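A.B. asks:
Chains as they are written, first to last, in the working numbering: chain A, 12 to 306; chain S, -2 to 616.
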């Protein structure tokens, strides 16, 4: 029982990070049908800045805002340089553009920072735990869950209660009509990328803290988890993205604890197989958005 | 299997020889000029890459589905090959505790390749089913993520199952007895893949896959089941990638998880995209161009060339000419092509088809116009008591029509009358709440759209859905391919004659997307007729046409239908066109059939006048 509870909290902690990443992926997907394979770069670029900041004796108090701000700016910059030029292009083109952006950034690190692992210190409370009876919970997980709840509440408010949120949801459901209704496409797309960058920035703070180091290809795992979680939840559904992230996190942790010791390191593989089964039985994801075929 | 043996077998074969000679010959010239071992290795690598890229082209090019997973399949093949091919002594060093008693097993490299292909194909079938379930079609995002997930699974398993794979650090290296010394196996496989890829593109399955790539819905309306063709393309493509990957492992002499991961997926994709993913010629060109570009970048980055006396790795250019420049080149090439030329250098230009049009075809004579069928095979279309409600809204209630072969039946009604819903029901797009429809008593309700057209109910689209990248002739041919298999008891007419009939003979080699509006409409009509339908369902065939064009269309529709002996059901809002073309008319209003009869009867009907003009006009 205790173990299960502990795993649940652990899984929710992981899942919260995935949920934030997935929500960022889903927001951009909704607005321009772009599945952003460069989403992980919203973590690597702030990640290398973190390394640089610690080289210059910054502390986590100043690094956290640096991560968030740089994630937002990176997101806007990538939109400006690459994605704005392929707006309205075919899905095939959009997918490969984002893949190419990922590759350019990763290769850029390789070129200018080098392949070597760049470490930086984790916050000193990182390994702390709190105990309640026989339950040992990592402070880190609690902080992640708490922050995620606040951020998700704020995002919900933004989407449901503000003009920007209304414009964004309208544009996501029917971009052309929204434009005819006076929604400014440029500003709403930029807004979506900024929001996506902000969410990735929050997730990035925790991801970067947890990793404790950066490599040129470190953006791949967060990108993959974000994209998969968005897909598990049902592409196009924002709620689905959050749900997908939590499910993915829980699945990873629970599976790892249930698998026999010898094959525990194959957890990721098993998670993928489960996802594949999910798609076979429920192709649209958990909260699938009905696709109407237009003639 | 091949519509035209000269165009679809002989020339593709000839073209494959030329592509092979150019690629290999270019490589030989390069290595002779440089005359060193590194040039020779570069050429060998290029030839192996070419095999894998051509394999990937078969899937991505013909289906339009972006796949990262082929390198994942390559990883599976590479490991199976390695585990079977290397010597037991080597295995004792690297993977002494291999499962399934594999440590003691050793087979010849060729048998190992065969096993690798077989095992990989099993995985391909599973992944293929998953792709089909996800509703994969050209540009599908979900399908691409599934393939991406496959790439990660294979990488993850390769890393974390060291008992079998040697893991991340050591990997498996061997020791097959001799490593691949001569190039001839690579050359044989390369030539074979070129031939297979070209023949597949021209084959029936390839054509149907390409049609679905161009327009999935229209392909299904022409009786194509895209999922079947995608599976065929996937298996063929994976088989070639598996052989290529085994050769890659054999040639390098070792395998590591990272050899078949993101970087290689990126390299092969860029090669495919830069040249032009829709053609094999493009794939080969891309391999050559990107190999050269990367090699140039590598040398510029490493050795610091001088150009016109300017040292490129010194200020002010030293920030760009650095080591690893070649991997940046890949990413930049990808993004640049996506922004400025997403279809690649050659788009879908295929060398052998160009050659065929130049020299192979000889003089073509325009065929005579088709005569109308003397005896029209009997057929009856019945739709009865069709009701559809969306939520609380009753879009159709108990609507029904019948039509006989040889007859033109018009359906007309004001906006919101339920015409479109009715069409959607009998084309399988909307499930009716109640009611059924059939041809000659064979129930059609609930069937998929490709089954409907195979059963003889073939539709056209209001907003024109042609296979844009295919030529006029290929558009009609595609429908003919399906007709010959599923409609052989009916009048399957000659493709060229149908083109003449539609007035498209002069445009036969133009791509459908280049046609003007009127010709596009006529092509859609001819394509539908090529299906040898029992009934043609024309959805607003005159939308966007001028009055005079509409009038010519009347004669064309009637004549085209008569040449294949089909009945016509035509939906339009243009009263003049409908009364001009129809033998009988059904008038829809508010989801019901309010009148039925000859044009004159219908026009005199007070209910019809009320529906069209408002009841005030007739009281």
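Yeah, the Cβ is synthetic: ideal placement off N, Cα and C, and Gly gets one too.
Computed from a predicted model, the values in this text were never measured in an experiment.
So residue 210 of chain S and residue 135 of chain S are in contact, right, with Cβ under 8 Å, and what is the actual spacing, rounded?
C.D. replies: The pair is a contact, with the Cβ atoms about 5 Å apart (cut-off 8 Å).
A.B. asks: Which whole-angstrom value describes the C-beta separation of residue 238 of chain S and residue 14 of chain S, a residue pair presumed to lie in contact below a C-beta threshold of 8 Å?
C.D. replies: Their Cβ separation, rounded to whole angstroms, is 22 Å, which puts residue 238 of chain S and residue 14 of chain S out of contact at 8 Å.
A.B. asks: Residue 222 of chain S: which of S:141, S:208, S:235 sits nearest, CA to CA?
C.D. replies: Closest by alpha carbon: S:208.
A.B. asks: Report the three-state DSSP secondary structure of residue 217 of chain S (helix, strand or coil).
C.D. replies: Three-state result, residue 217 of chain S: helix.
A.B. asks: Put residue 174 of chain S into one of helix, strand or coil per three-state DSSP.
C.D. replies: Low confidence applies here, because residue 174 of chain S scores a pLDDT of 46, under 50, leaving its location unreliable; read the following figure in that light. Note: residue 174 of chain S maps to coil in three-state DSSP.
A.B. asks: Determine the extent of the beta strand (DSSP E) in which residue 140 of chain A is found, giving its start and end residues.
C.D. replies: Taken as a continuous stretch (DSSP letters only), the beta strand (DSSP E) holding residue 140 of chain A covers 140 to 143.
A.B. asks: Just to check my reading of the structure: residue 11 of chain A and residue 257 of chain A have Cβ atoms closer than 8 Å, yes? What is that Cβ distance to the nearest angstrom?
C.D. replies: With chain A represented from 12 up to 306, any question about residue 11 of chain A goes unanswered, as that position is not in the structure.
A.B. asks: Which residue marks the beginning of the beta strand (DSSP E) containing residue 149 of chain A, and which one marks its end?
C.D. replies: Where residue 149 of chain A is concerned, the enclosing beta strand (DSSP E) stretches over 146 to 149.
A.B. asks: For a cutoff of 8 Å on Cβ pairs, would you count residue 318 of chain S as touching chain A?
C.D. replies: No, residue 318 of chain S does not count as interfacial toward chain A.
A.B. asks: So if DSSP puts residue 660 of chain S in a beta bridge, which residue, or which two residues, is it bridged to?
C.D. replies: Chain S is shown from -2 up to 616; residue 660 of chain S falls before or after that span and cannot be answered.
A.B. asks: Report yes if the C-beta distance between residue 367 of chain S and residue 552 of chain S is below 8 Å; otherwise report no.
C.D. replies: Taking 8 Å as the Cβ cut-off, residue 367 of chain S and residue 552 of chain S do not qualify as a contacting pair.
A.B. asks: Would you say residue 502 of chain S faces chain A, with C-beta separation under 8 Å as the test?
C.D. replies: No, its Cβ sits nowhere closer than 8 Å to a Cβ of chain A.
A.B. asks: What is the DSSP secondary structure of residue 42 of chain A, reduced to helix, strand or coil?
C.D. replies: DSSP places residue 42 of chain A in helix when its eight states are reduced to three.
A.B. asks: Which same chain residues end up closer than 8 Å to residue 205 of chain A when comparing Cβ atoms and leaving out the 5 residues on each side of it in sequence?
C.D. replies: 83, 86, 87, listed in sequence order.
A.B. asks: Identify every residue that forms a DSSP beta bridge with residue 130 of chain A.
C.D. replies: DSSP lists A:224 as partners of residue 130 of chain A.
A.B. asks: Evaluate residue 174 of chain S with the Cβ neighbour count: other Cβ atoms within 10 Å of its Cβ, from every protein chain shown; 16 or more gives buried, anything less gives exposed.
C.D. replies: In this prediction, residue 174 of chain S scores a pLDDT of 46, lower than 50, which makes its location untrustworthy; no coordinate-derived value is stated.
A.B. asks: Give the secondary structure of residue 234 of chain S by DSSP, where H, G and I count as helix, E and B as strand, and everything else as coil.
C.D. replies: Three-state result, residue 234 of chain S: helix.
A.B. asks: Among the residues of its own chain, which have a CB less than 6 Å from the CB of residue 18 of chain A, if the five just before and after it don't count?
C.D. replies: Counting only Cβ-Cβ distances below 6 Å, and skipping sequence neighbours, we find 264, 265, 268.
A.B. asks: Taking only beta carbons into account, state which residues of the stretch 32 to 43 of chain A come closer than 7 Å to chain S, listed in chain order.
C.D. replies: The residues in question: there are none.
A.B. asks: If we cut at 8 Å on Cβ distances, does residue 231 of chain A have a partner in chain S?
C.D. replies: Closer than 8 Å to some Cβ of chain S, the Cβ of residue 231 of chain A qualifies, so yes.
A.B. asks: Can you tell me whether residue 16 of chain A is helix, strand or coil according to DSSP?
C.D. replies: Reduced to three states, the DSSP call for residue 16 of chain A is helix.
A.B. asks: Suppose you measure from the CA of residue 358 of chain S to the CA of residue 456 of chain S; what does that come to, to the nearest Å?
C.D. replies: Distance between the alpha carbons of residue 358 of chain S and residue 456 of chain S: 32 Å.
A.B. asks: Considering only DSSP beta bridges, list what residue 585 of chain S is partnered with.
C.D. replies: Note: residue 585 of chain S sits in a beta bridge opposite S:590.
A.B. asks: Against residue 102 of chain A, what residues of chain S qualify as contacts under a CB-to-CB distance less than 9 Å, listed in chain order?
C.D. replies: Within 9 Å Cβ-Cβ: 63, 135, 136, 137, 138, 141.
A.B. asks: Flag this pair as touching only if the stretch 58 to 69 of chain S and the stretch 135 to 151 of chain S have three or more C-beta atom pairs under 8 Å; answer yes or no.
C.D. replies: These segments touch.
A.B. asks: With a 10 Å radius around its C-beta and 16 neighbouring C-beta atoms as the bar for buried, classify residue 12 of chain S as buried or exposed.
C.D. replies: Its Cβ being crowded by 16 or more others within 10 Å, residue 12 of chain S is buried.
A.B. asks: With DSSP collapsed to three states, give me the class of residue 394 of chain S.
C.D. replies: Strand, per DSSP.
A.B. asks: Taking Cβ to Cβ, would you say residue 28 of chain A is nearer than 8 Å to residue 217 of chain A?
C.D. replies: Yes.
A.B. asks: Over what stretch of residues does the alpha helix (DSSP H) that includes residue 354 of chain S continue unbroken?
C.D. replies: From DSSP, residue 354 of chain S is part of no alpha helix (DSSP H); its letter is neither H nor E.
A.B. asks: Kindly indicate which three-state DSSP category residue 410 of chain S falls into: helix, strand or coil?
C.D. replies: Three-state DSSP puts residue 410 of chain S in coil, outside helix and strand.
A.B. asks: Would you call the stretch 266 to 275 of chain S and the stretch 331 to 342 of chain S touching, i.e. three or more CB-CB distances under 8 Å?
C.D. replies: The stretch 266 to 275 of chain S vs the stretch 331 to 342 of chain S: in contact.
A.B. asks: For residue 97 of chain A, which residues in chain S fall below 7 Å Cβ to Cβ?
C.D. replies: Residues of chain S passing the Cβ test: 335, 336.
A.B. asks: For the stretch 240 to 264 of chain A, list the beta strand (DSSP E) runs that are entirely contained and at least 3 residues long, ordered along the chain.
C.D. replies: Complete beta strand (DSSP E) runs here, min 3: none at all.
A.B. asks: In whole angstroms, what is the alpha-carbon distance linking residue 293 of chain S and residue 325 of chain S?
C.D. replies: Straight-line Cα distance between these residues: approximately 12 Å.
A.B. asks: Would you identify the three-state DSSP class for residue 536 of chain S, choosing helix, strand or coil?
C.D. replies: Looking at residue 536 of chain S - three-state DSSP - the assignment turns out to be strand.
A.B. asks: Let me see if you follow: with CB-CB separation under 8 Å, is residue 259 of chain S close to chain A or not?
C.D. replies: It does; some Cβ of chain A falls within 8 Å.
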